[in-house]
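Heads up, the thing below is written out as structure tokens.
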Amino acid sequence: MKSSTGILTIDLSAIQSNWRCINNQLTGKTSASAVIKANAYGLGAAYVGPALYRAGCREFFVATLEEALAARQYLKPDAVVYVLGGVRPGAEPLFLENDLSPVLFTLEDTRRWLACTQKLDAPPACAIKINTGMTRLGLDLQEWLSLLASEEELRSLRPTLIMSHLACADEPEHPLNYKQLAHFQALADATRSLLPDTRFSLANSSGVFLGSQWHFDLVRPGAALYGVNPQPLKPSPLKPVVQLALPVLQVRELSENADVGYGATAQAFPLARLAVVAGGYADGLHRTIGRQGFGMLDNHRVPVVGRISMDTTIFDISAADIKGGPQIIQVLNDELTVDSWTALTGALGYDILTSLGYRYRRCYLKDGVSIEQESLYE
């Protein structure tokens, strides 16, 4: 390894495979979009978005206007880009100029968008989000019913998508899943006669695996695309997406007892070999890993020793019996997955992925071959 920082490898073919796995759960006219907000959960939306487009995805969700404007640069013109954060006052012209679709979640935003678009022959698609039980963003059910009662206003708005979000989909038996489903099904039934062309969307990654009742017209996978198991109590149907290899900066061979790391919370003994790698909590290796953490050195499991620092982590490589100086220690690979770290530390897969810093040298794979961004659509 020539880099002084770690190498983060992102397998775009695995992401495509995971999107197809989601599609295989769907029936009828239900389709799958892709959530690529937060820079595709930290993995690089400018690479991930085009790879998903090549796999057949045509609808994408981002969080902010800035993310949406960036998406317009790397996605094909026919891709639909929904902005989960809605449209702020004064931002409407940018949405219209760039054919961006806001997800509206207040009556004020809904009516402001309508005022800007009702005289246009072909306004961009828009979505309306409704709160069915998560109590986050969204119109409350009574607000939706009041809007539904204003038929002319709603027909002028022409929402292409009505959506909500599941709070407990990763717990299949949680009663809130069924409560939210009942609320959403009722509002869909009440809306279809007025807006027959509008589609409905409830399921996130885990919601897809609750069953077809939750699918409606569009599902919105996010974390599952990036290898996070949507069914934590079952084997994952998805492929791992990321690998992370950290370069060894120094190897210490101890001749006497030694304290290790901040706070001297760990001790090492004579004949121990300690490898100090480039990568710490500033790079996404959470300090909560502590003594539970480990990496892989030439198929040997090597434990973390002491506290993780901002820029470095220390591993005990004594048992690995590696001759000479080791070059790298892997902390993510096909066996040591994001799900493995989730089970070990209690951190969410989302936390782990979005915390992977920008000091790593990133390598993107397509069919096992490293690629440049320009070749993504080839």
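So for the sequence shown, the working numbering puts the first residue at 1315; every next one is plus one. Every residue gets a Cβ at the ideal spot worked out from N, C-alpha and C, and that includes glycine. Being a predicted model, the structure only gives us computed values, none of them experimental.
Checking the DSSP bridge columns, you'll see E1373 partnered with V1394. Sorting G1320, G1663, N1518, I1642 by C-alpha distance to the C-alpha of V1652 places G1663 at the top. The C-alpha of T1319 lies about 6 angstroms from the C-alpha of A1592.
By the Cβ criterion, the region 1535 to 1546 is in contact with the region 1348 to 1356, since at least three pairs of Cβ atoms, one from each stretch, lie closer than 8 angstroms. Uninterrupted alpha helix (DSSP H) stretches at least 4 residues long and entirely within the region 1412 to 1458 occur at 1421 to 1431, given in chain order. Leaving aside the five residues that flank Q1687 on each side, the residues in its chain whose CB is nearer than 7 angstroms to its CB run, in chain order, A1360, Y1361. One Cα belongs to D1681, the other to E1487, and the distance between them is close to 38 angstroms. Taking T1474 as the centre and dropping the five residues before and after it, the same chain places the C-beta of A1439 closer than 6 angstroms to its C-beta, in chain order.
From the listed residues L1383, V1394, Q1387, K1390, the smallest Cα separation to P1407 is found for L1383. In terms of Cα proximity to L1667, the closest of L1508, E1570, A1538, S1569 is A1538. In the DSSP secondary-structure assignment, S1515 is bridged to M1477. Between R1675 and L1322, the CB-CB gap stays under 9 angstroms.
If you draw a 10 Å sphere on the C-beta of Q1339, you find 16 or more other C-beta atoms in it, and that means buried. The alpha-carbon separation between Y1576 and L1646 amounts to approximately 24 angstroms. Looking at the DSSP output, L1563 bridges to nothing. Non-local C-beta neighbours of S1569 in its own chain, meaning closer than 7 angstroms and more than five positions away in sequence, comprise P1584, ordered along the chain. The DSSP-derived three-state label of C1677 is strand.
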